[in-house]
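The structure appears below as structure tokens.
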Amino acid sequence: MLTVGLPLLKILILLGVVAFCVAYTVWLERRLLGFFQSRVGPNRVGPAGLIQPIADGLKLILKEDIIPTNARPFLFRIAPIFAVVPAFAGFAIVAFAPPAGPRASFLISDANIGILYLLAITSLGVFGIVLGGWASGSKYPLFGSLRSASQMLSYEVPLTFSVLSVILMAGSFRLDDIIQAQGKLPFLVPLILAFGVYVISAVAETNRAPFDLPEAESELVGGFHTEYSGMRFAFYFLAEYANVVLVCCVATSLFLGGYKIPFLPYETLLAGNPWLVSLIGLAVFAVKAVAFLYFYIWIRATFPRYRYDQLLKIGWKVLLPISLLNLLLVAGIKLAMLR
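Residues 3 to 341 (the numbering used here) make up the sequence shown, in order.
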């Protein structure tokens, strides 16, 4: 019974924590954008607007669920689920902290092919976007969904190459092994090119500004979710920000050392108190992820939206050659070290 109940409990806790993080990622983004643009962000609902995410959630729950006349009803209803499930499923292999014991791990699944699973599951989210745009029976959602598909194809390749260079450095597909390999020096330093490619590709993969062409308001009204309202729209919104949080967690694990502190082996120093080690590791991971999230939002506030041809050129003519060159350099260095 314990072998089934404990993983199920961990999954439920993780879903709740991710939903909470998504809600307050939206709040943080709105506050930071207000600061960057010299204006006031949300500050009416609760102190400093802290209850604003709850108010927004209640508003979306109470909104009417409208299905357009020309829509394909069944596909229109299920499309948001195809977008939100992969976004949450990606967190299953993220190592948020060192384990506090054999049965007290912060991992849902310690898969040997964790990175491959992550790349596969996150690429499935685009099916929900394409399906929703096509099932809406309207031209603007269809254009937005097609943009999202071609954008994902353009940036998935350099993103994968940047992750492969990390796998070569660590010698493992497990995220926890990759974190352990960064005990003395985060991969951000030797793999700065891969990190740059990862950041730009991740922004494009999550359809965020300046690569938010699939939902460009000035061109496509609202993009692929133009016809959605109520909770179905909320699912797309939830999927987008869950992907943002996942990108931050994966970047923390791959390039920033995860829960490790360079040159400070607190796991060894506090070996007698595993729960304290886990809590410190969780705090370190959270600080790094929030710092990357700040950088992620900063990018949105800094750059204007690119044209669609510019977006594709950056993916195929700039990021792909850089990621290939970086991968070849890392492979050559590792081969030389083995000899």
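Even glycine gets a Cβ: it sits at the ideal position worked out from N, Cα and C.
All figures in this text were calculated on a predicted structure; none of them were measured in a lab.
For P160, the three-state secondary structure derived from DSSP is helix. Between F213 and Y142, the CB-CB gap reaches or exceeds 8 Å. In the three-state reduction of the DSSP assignment, G36 falls in the helix class. Annotated three-state conformation of V191 is coil, per DSSP. Going by C-alpha positions, M339 is about 16 Å away from A183.
Contact annotation: A94 and S280 have beta-carbon atoms that are not nearer than 8 Å. The beta-carbon separation of Q39 and A303, rounded to 7 Å, stays under the 8 Å limit for a contact.
A residue is called buried once 16 or more other Cβ atoms fall within 10 Å of its Cβ, and G274, having fewer, is exposed. Taking one beta carbon from each stretch, the stretch 249 to 261 and the stretch 73 to 87 have fewer than 3 pairs nearer than 8 Å; the two do not touch. Rounded to whole angstroms, the Cβ separation of A73 and E229 is 7 Å, and the two are in contact under 8 Å. When the beta-carbon positions are compared, G43 and G51 come within less than 8 Å of each other.
S125 sits in a helix when the DSSP states are folded into three classes. Going by C-alpha positions, V289 is about 14 Å away from Y298. The three-state reading of DSSP puts V42 in coil, since its state is none of H, G, I, E or B. Counting C-beta atoms within 10 angstroms of its own C-beta, D311 has fewer than 16 neighbours from the protein chains shown and is therefore classed as exposed.
Inclusion of F235 and L35 in the CB contact set at 8 Å is not warranted, their separation being larger than that value. Boundaries of the alpha helix (DSSP H) harbouring L314: Y310 to K315, taken from the DSSP string. Between the C-alpha atoms of S140 and G317 there is a straight-line separation of about 28 Å. Here the alpha carbons of L240 and I15 stand approximately 17 Å from one another. Looking at G130, L272, V165 and I181, the one whose alpha-carbon comes closest to that of S150 is G130. The three-state secondary structure of F305, taken from DSSP, is coil.
Secondary structure at K186: coil, using DSSP grouped into helix, strand and coil.
Inter-residue distance for F197 and Y119 is about 20 Å (C-alpha atoms, whole angstroms). Counting along the chain, I83 sits inside the alpha helix (DSSP H) bounded by residues P75 to A91. When the beta-carbon positions are compared, S325 and P160 come within less than 8 Å of each other. Distance between L327 and I169, taken at the CA atoms: about 16 Å.
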